[in-house]
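Residue numbers (the working numbering): 13 to 475.
Have a look at this one:
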């Protein structure tokens, strides 16, 4: 279909169509299942309509070449810019209903610079400015953000088309450690950094921890790796802290990425003079090294390995250890622990009574743990149950996981070898070719990932 030098209206209809608008304020309309259509507009002065709604303002979706848009009826669109030598501008923009690849609109000869201007291209205005959001970990999002459908606390909120930074609200209380995640609406450039701002909380003399770096928190500056779309840091009570009464304030960050400088929202935090029962400890996110030895406290801790090869030691308390990606070592220590290896070649050692047993048992001596290609272990005398010793060995090709009484063990992806140990254990092999030995006790074993219902039934039967 071809238009002239007037204001033309094109209807994509059914099937795969090519529309050439020419000069003038042209309108391109699509509805239902329109197929895979192509638009070539000579001046970009027109507009695009889907199911009677114009595509106008869009937001970055964690990449400098990907955006989302939300129509007035709630439909979500994805927009992706791709380089193409056959295009007159070397660039095309592909628009699709989120999750529906069968219906797409490709803008041939897409003018990226015009789309970044106040005028826009065919009415589309691409957001390019850096935006930053901050949220405390382990809490629910509140306020208008929830009404906009941004409820997944593990996801980057900028990937939700209905998200508005002004809508993100929340408050937390801490007494020893509190971790936060910073989210960016685009991948960061090389040389990026963030500065912590604590307001009245500066009087608490807290320490900020990011990766393997720590410093006084108020005004602390940390470098961020290129390409990051989120980062995690923690505040903890320092040796200089002498908090006799609760101190309340607002936590925020200022992020610099290239020529862009952006302020985050503020998160309300009350630092308690009474401390708190446990800590959230996370792995290294610095651009230089991601291999961490993370040790918990005598209380109930949550320890996250994040990327690369980490060693997580729970020590006392009912801990939750998550190795995440990489070849990790997880040792629960004393207490009813839950251990999850995640992807990679992992060693999981339950150490003590965990999960579903209320009886403490004598722990078999730990093995020496070493980091080669992956974390591995070999027997070399007696090591204290909460100890950690390293040696130089080559890696193993399989996971080796051991437990004692009443552990909850999840192998994750890969070919795992799991020894549940004595006691009543819950063991999930996960994906891969696994060998599971329940050993003593009344065990429930899953070769493949189990459902939430089956886990609940097993927990009830073992109570």
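Just so you know, even glycine gets a beta-carbon here, dropped at the ideal spot from N, CA and C.
Does DSSP put residue 180 in a helix, in a strand, or in coil? Taking the chain shown and counting its residues from 1, the one referred to as residue 180 is at position 168. Three-state DSSP puts residue 180 in coil, outside helix and strand.
So for residue 29, helix, strand or coil by DSSP? Reading the chain shown from its first residue, position 17 is the one you call residue 29. Correct three-state label for residue 29: coil.
My assumption, with CB atoms under 8 Å, is that residue 68 sits in contact with residue 126. Please give the rounded CB distance. Counting from 1 along the chain shown, the entry for residue 68 is found at position 56. Counting from 1 along the chain shown, the entry for residue 126 is found at position 114. 14 Å between Cβ atoms; not a contact.
Which first and last residues belong to the alpha helix (DSSP H) in which residue 127 is found? On the chain shown, position 115 is the one that residue 127 refers to. Looking at the DSSP string, the run of the alpha helix (DSSP H) that includes residue 127 is 124-127.
On the three-state DSSP scale, how would you describe residue 211? Looking up residue 211 in the chain shown gives position 199. Residue 211 falls in the helix class under three-state DSSP.
What is the DSSP secondary structure of residue 228, counted as helix, strand or coil? Position 216 of the chain shown, counting from 1, holds the residue named residue 228. Three-state result, residue 228: strand.
For the beta strand (DSSP E) that residue 192 lies in, which residues bound it at each end? Position 180 of the chain shown holds residue 192. 189-196 is the span of the beta strand (DSSP E), which, as asked, contains residue 192.
Where does residue 20 sit, in a helix, a strand or coil, going by DSSP? Mapped onto the chain shown, residue 20 falls at position 8. Three-state result, residue 20: coil.
Got a sec? Which residues, its chain only, sit under 7 Å from residue 143 by beta carbon, not counting five neighbours each side? Within the chain shown, the letter at position 131 stands for residue 143. So the qualifying residues of the chain are 170, 177, 197 and 274.
Assuming the contact rule is C-beta atoms closer than 8 Å, residue 39 and residue 58 should be a hit. Round their C-beta distance to whole Å, please. Taking the chain shown and counting its residues from 1, the one referred to as residue 39 is at position 27. Taking the chain shown and counting its residues from 1, the one referred to as residue 58 is at position 46. 6 Å between Cβ atoms; contact.
Is it right to say residue 33 is buried, meaning 16 or more other beta carbons lie within 10 angstroms of its own, or is it exposed? The residue you call residue 33 lines up with position 21 of the chain shown. Residue 33 comes out buried.
Proximal residues to residue 266 (C-beta, below 6 Å), its chain only, five neighbours per side dropped: Here residue 266 refers to the residue found at position 254 when the chain shown is read from its first residue. Shown here for residue 266: same chain residues with a beta carbon closer than 6 Å to its own, the five before and five after excluded, namely 207 and 275 in chain order.
Opposite residue 283 in the DSSP bridges: which residues? Your numbering for residue 283 matches position 271 in the chain shown. According to DSSP, which records beta bridges pairwise, residue 283 is partnered with 186 and 259.
Supposed close pair residue 104, residue 119 - CB separation, criterion 8 Å: Counting from one through the chain shown, the residue named residue 104 turns up at place 92. Counting from one through the chain shown, the residue named residue 119 turns up at place 107. Confirmed, Cβ separation roughly 6 Å.
Close-in-space but distant-in-sequence residues of the same chain around residue 239 (CB under 6 Å, 5 per side omitted): Position 227 of the chain shown holds residue 239. If we look at residue 239 and ignore the five residues flanking it on each side, its Cβ neighbours are 199.
Measure the C-alpha to C-alpha separation of residue 29 and residue 18 and round it to an integer number of angstroms. As a position in the chain shown, residue 29 is number 17, starting the count at 1. As a position in the chain shown, residue 18 is number 6, starting the count at 1. Straight-line Cα distance between these residues: approximately 20 Å.
By DSSP, does residue 216 sit in helix, in strand, or in coil? Your numbering for residue 216 matches position 204 in the chain shown. In the structure shown, residue 216 adopts helical secondary structure according to DSSP, grouped into three states.
Mind checking whether residue 87 and residue 63 have CB atoms under 8 Å apart? As a working note, residue 87 is residue 75 in the chain shown. As a working note, residue 63 is residue 51 in the chain shown. Yes. Within cutoff.
For the beta strand (DSSP E) containing residue 39, list its first residue and its last residue. Position 27 of the chain shown, counted from the first residue, corresponds to residue 39. Per DSSP, residue 39 belongs to the beta strand (DSSP E) from 39-42.
For residue 170: DSSP bridge partner residues: Sequence index remark: in the chain shown, residue 170 carries index 158 (1-based). DSSP lists no partner for residue 170.
Determine the contact status of residue 262 and residue 283, defining contact as a CB-CB distance below 8 Å. In the chain shown, the residue the question calls residue 262 occupies position 250. In the chain shown, the residue the question calls residue 283 occupies position 271. Against a cut-off of 8 Å, the Cβ pair of residue 283 and residue 262 comes out as no contact.
Report buried or exposed for residue 331, applying the criterion of at least 16 other Cβ atoms within 10 angstroms of its Cβ. If you number the chain shown from 1, residue 331 lands on position 319. Its Cβ being crowded by 16 or more others within 10 Å, residue 331 is buried.
Boundaries (first-last residue) of the beta strand (DSSP E) holding residue 343: If you number the chain shown from 1, residue 343 lands on position 331. Here the beta strand (DSSP E) through residue 343 covers 341-343.
DSSP three-state label for residue 531, please. What is shown of the chain runs 13 to 475, which leaves residue 531 out entirely.
Restricting to Cα atoms, I'd like to know which of 100, 115 and 101 is closest to residue 91. By 1-based counting over the chain shown, the position of residue 91 is 79. Nearest of 100, 115 and 101 to residue 91, Cα basis: 115.
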